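Scroll down for the structure; my scribbles are underneath it.
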Amino acid sequence: MGFQGCGKSGRTDKNHGGRDAAGWASFLAAGSVWFLLAVTALPLPVFSITLEEAVKRAFEVSFTVKQQKEVVKKYRYSYTSTIDPYLPRADIQSSFIRSLNNQTSAGQSVTNVAAAGGFTNTFGATELFTFTGTITYRLFDGGERYARRHQAYSLLGREEEVLKGVRVDVLYNAKTAFYTALGNKSIVESRRDAYRTAEKVYALTKGRYDAGVAKKSEVLQAEVRRTTARIDVLDGVKRYEKTLEELKSLLLYDPMDARDVEGPFEEPTYGGDFKTLVEKAIAVRPDVTAQMKEIDRLEMVYKERVSNWFPRIDAQLQQTRADTGFFPDGRQDAFVINFNYALFDGVGRYYNMKGAASDIAAARYRLGEIKRNVGLDIVRAFKDYELSRQNVRLYRELVREATSNFDQAFGEYRVGKGDILALLQSERELAGARENYISAISRANTSLAFLERVAYIDGE
């Protein structure tokens, strides 16, 4: 009996051992699944974007900046190539001549070829090899070389100024996108505060209703306000997400990357006056300086047209060989001064010069218009910035007054002396004042960014 009991007990332990092993396996499998679910459910790390990082990355990844840099490279190469006319030119020429006529004709043709190279001897052969080497240097061209080189230099300078303007635009776009996203983020926090306040009002109203001192309609009104505040929060979150995606797109971040904006959200300060800004901007703003470079280029175009009225003088050092062998032995060395002047080639020279002069006059008028627009843009931007700062101060005061009004209405309603409508109205006014204050700060920052753009305050 004891033995059988032991044996039965042993079989039972064995079965339990099998079930325990299977149970542990299933438990571990389920545990691994729950672990994976827990890991995937954990929030991904969010990397914050500061204003400095946004501006730095915008310059690094901007396609317009990279494009304009390549344009600048192109014009720099073009400017370097204009050194060629100042350098001597070396040419070589070789030819093989075979006469298809009789001996006399061949001799005459050879005589003509030799005479062209400076030879006086006549070869009585039907085949002739010639080789000519020439080094030429232009002594005088009426300023054409200088005009073309200076044109290329002005074009290079103009494109470099355009690059500065592109960088200013990229800086403005980065700042505007950042401040817009940061402002919407602050609005979300403000709306969440408004929702918590609505929750507090609802809880107070519900407690008063349970105590029998408030009406059911008051509870419903407080509940409606709470739901409205919750809808405002969701709307603000989506609006913030859209502006954040615009910033990420500008900085070429992956849309799936978890990013956020971070930085001090406060009223900007700037102590300059628009008269000083206008004077500085007219001297250094890229579109102004680019137009001045364009005027320099057009003046060089005019000088190039004028150079067509002057002769061309070239100096040549020439060596000519002609013989019946593949390596000709007959040699003739010569130093040549060439003088070339077009006595008459139509009326194009005169009218091309007059057209170039008209281009210069038009470009100067264009420069005057650009300077006028610069002054107008700065005055407008400065006035908008002053208005935005004034709005910040006014909305700050409004927030203080709305807070006092809400605290008073809340206290009166809690002790049974106030009206629910007055309390809800004061809460809505407080929420609107806070949101308008945040929007005013955001507009002030973007207004200052626009002023920096048109006045070229942060220009390099």
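With the first letter of the sequence shown counted as 1, position 323 gets the number 1136 in this note's numbering; the numbers rise by one all the way through. Note that the Cβ used here is the ideal one computed from N, Cα and C, for glycine as well. Just so you know, these numbers come straight off a predicted model, no measurement behind them.
With 16 other Cβ atoms within 10 Å as the buried cut-off, status of residue i
| i | result |
| --- | --- |
| Thr1133 | buried |
| Ile1150 | exposed |
| Thr1102 | buried |
| Leu900 | exposed |
| Lys887 | exposed |
| Pro1068 | exposed |
| Lys998 | buried |
| Gly1229 | exposed |
| Asp897 | exposed |
| Leu1063 | buried |
| Glu883 | exposed |
| Leu1189 | exposed |
| Leu913 | exposed |
| Leu1207 | exposed |
| Ala990 | buried |
| Phe1087 | buried |
| Glu1277 | Nothing can be reported for residue 1277: it is not among the residues displayed for the chain, which extend from 814 to 1273. |
| Ile905 | exposed |
| Glu1248 | buried |
| Arg1256 | buried |
| Glu1214 | exposed |
| Asn1258 | buried |
| Val1074 | buried |
| Asp954 | buried |
| Ala1194 | buried |
Close beta carbons around residue i, own chain, < 7 Å, minus the five adjacent residues each side
| i | result |
| --- | --- |
| Ile1173 | Ile1108, Leu1111, Glu1112, Tyr1115 |
| Phe1223 | Leu1236 |
Length of the line joining the Cα atoms of residue i and residue j
| i | j | result |
| --- | --- | --- |
| Ile1046 | Ala1016 | Rather than Ile, the amino acid found at residue 1046 in this sequence is Val. Cα to Cα, Val1046 sits roughly 19 Å from Ala1016. |
| Leu1033 | Leu1234 | 12 Å |
| Lys1106 | Tyr890 | 18 Å |
| Gln1129 | Thr949 | 4 Å |
| Glu865 | Lys977 | 19 Å |
| Ala994 | Thr863 | 11 Å |
| Thr1291 | Leu1090 | Outside the shown range of the chain (814 to 1273) lies residue 1291, about which nothing can therefore be said. |
| Ile1254 | Val1050 | 19 Å |
| Gln1145 | Ala1170 | 48 Å |
| Ser1252 | Ser1201 | 10 Å |
| Thr943 | Ser907 | 6 Å |
| Ala1135 | Asn1121 | 37 Å |
| Glu1054 | Phe872 | 23 Å |
| Leu1278 | Glu1031 | Given that the chain is displayed from residue 814 to residue 1273, the structure contains no residue 1278 and the question cannot be resolved. |
| Ala843 | Ala1011 | Low confidence applies here, because Ala843 scores a pLDDT of 44, under 50, leaving its location unreliable and the question unanswered by this model. |
| Val1205 | Thr877 | 34 Å |
| Lys1028 | Asp1232 | 11 Å |
| Lys1093 | Arg1038 | 53 Å |
| Thr1082 | Gln964 | 43 Å |
| Gly1143 | Ala903 | 21 Å |
| Tyr1178 | Ala1268 | 21 Å |
| Glu1225 | Arg1043 | 25 Å |
| Ala1176 | Tyr966 | 18 Å |
| Val868 | Glu1058 | 16 Å |
Strand pairing of residue i, partner residues [DSSP]
| i | result |
| --- | --- |
| Thr943 | Ser908, Ala1135 |
| Tyr1074 | The amino acid at residue 1074 is misidentified as Tyr; the sequence shows Val. Ile862. |
| Phe953 | Ile1126 |
| Arg902 | Thr949 |
| Asn1153 | Arg1125 |
| Asp1146 | Gln1132 |
Own chain residues within Cβ distance below 6 Å of residue i, not counting five before or after
| i | result |
| --- | --- |
| Arg1061 | One point to set straight first is that residue 1061 is Lys, not Arg, in the sequence displayed. Hits under 6 Å: Arg1072. |
| Lys988 | Ala1262 |
| Asn1218 | Ser1239 |
| Leu952 | Ile1126, Ala1128 |
| Val874 | Leu1065 |
| Thr1056 | Thr993, Ala994, Asn997 |
| Ala1035 | Val1014, Tyr1015, Thr1018 |
| Ser1260 | Asp1197, Tyr1198, Ser1201 |
| Gly1168 | none |
| Asn1165 | Arg1118 |
| Ala1007 | Ala1042, Ala1244 |
Check: residue i C-beta below 7 Å from any heavy atom of the ligand GDP
| i | result |
| --- | --- |
| Gly1231 | The ligand GDP is not among the ligands present in this structure, which contains no ligands whatsoever. |
Other residues of its chain near residue i: CB distance less than 8 Å, five sequence neighbours each side excluded
| i | result |
| --- | --- |
| Asp1271 | Val981, Leu984, Glu1265 |
| Tyr1250 | Val1205, Tyr1208, Arg1209, Leu1211, Val1212 |
| Asp1070 | Phe860, Lys1061 |
| Leu1180 | Val1101, Gln1104, Met1105, Ile1108 |
| Glu940 | Phe909, Ile910, Arg911, Ser912, Thr1137 |
8 Å Cβ cutoff, residue i in contact with chain C
| i | result |
| --- | --- |
| Ile1095 | Absent from the structure is chain C; it holds one protein chain and no more. |
Below 8 Å, can you find three or more Cβ-Cβ pairs linking the region 1237-1247 to the region 1003-1019? With the cut-off at 8 Å, the region 1237-1247 and the region 1003-1019 touch.
How do the region 964-981 and the region 1093-1102 stand: do at least 3 beta-carbon pairs fall below 8 Å, yes or no? yes
For the 8 Å Cβ check, are there 3 or more pairs between the region 957-975 and the region 1151-1168? no
Evaluate the contact criterion for the region 952-964 versus the region 1013-1028: three or more CB pairs, one atom per stretch, below 8 Å. no
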